[in-house]
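Structure first, commentary second.
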Amino acid sequence: MAKILIVYYSRKGENYWNGGLKNISKGNTERVAEFIQKAVGGDLFEVETVKPYSESYMTCIEEAKAELRAKARPEIKAFPENFDDYDTIFVGYPNWWGTMPMCMFTLLEKYDFSDKTVIPFCTNEGSGMGGSERDLKKLCVGATVKQGLAIHGAESAESESKVAAWAKKSV
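Residue numbers (my numbering): -13 to 157.
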């Protein structure tokens, strides 16, 4: 049986939500990650940046755009332990500017993905997976990157059955 790791970055607080801004106590991507764990097991690992993004959503996305343009690699607080022990890695993130937040690049560039299976998932407000699957294939050399799942962020709390069915089919 596969040893599963679910790594994700998620944003709590002020978020874009159905055309407006809303404060949420749990990030959309975190919620989806928890649904995956409930469906297929595995260990959860939340990626946290050393320098937090702005609490203002509008400022946060401008920070994210600047990081993307600079190809920045923001420092993260910790890395998963025993990464080599996992053979299946779910990778979750909000779609910011057509791909993953740059802190996910910081994480993924650290590891050897030879003979691993990578299964992406993202939350978004209409942009789907964007180019993130292409970026994952470049970052995770040697891995089998499966088709990802995009969940509309504002519907993440109601997505458990959809997420569970996809996760079970993906492992």
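Beta carbons: idealized from backbone N, C-alpha and C, even for Gly.
Who are the near neighbours of residue i in its chain, counting only those whose CB is closer than 8 Å to its CB and skipping five residues on each side?
{"i": "K154", "result": "A25 and V26"}
Using the Cα positions of residue i and residue j, report the straight-line distance between them to the nearest angstrom.
{"i": "A140", "j": "C108", "result": "12 Å"}
{"i": "E144", "j": "G13", "result": "13 Å"}
{"i": "V157", "j": "D71", "result": "16 Å"}
{"i": "M88", "j": "E95", "result": "11 Å"}
{"i": "K8", "j": "M44", "result": "12 Å"}
{"i": "G134", "j": "I105", "result": "6 Å"}
{"i": "P60", "j": "I47", "result": "14 Å"}
{"i": "E111", "j": "H138", "result": "5 Å"}
{"i": "S142", "j": "V18", "result": "7 Å"}
Report yes if the C-beta distance between residue i and residue j is below 8 Å; otherwise report no.
{"i": "E146", "j": "F21", "result": "yes"}
{"i": "C62", "j": "L93", "result": "Note that residue 62 is Ile in the sequence shown here, rather than Cys. Cβ atoms of I62 and L93: closer than 8 Å."}
{"i": "E16", "j": "Y(-6)", "result": "yes"}
{"i": "E0", "j": "E41", "result": "yes"}
Check the DSSP bridge columns for residue i and list the partner residues they point to.
{"i": "T103", "result": "T74 and T130"}
Excluding the five sequence neighbours on either side, which residues of its own chain have a C-beta within less than 7 Å of the C-beta of residue i, listed in chain order?
{"i": "F99", "result": "C126, V127, G128 and A129"}
{"i": "W83", "result": "A50, K51 and L54"}
Can you name, in chain order, every residue of its own chain whose Cβ lies under 6 Å from the Cβ of residue i, other than the five neighbours on each side?
{"i": "D121", "result": "T85"}
{"i": "Y39", "result": "C46 and E49"}
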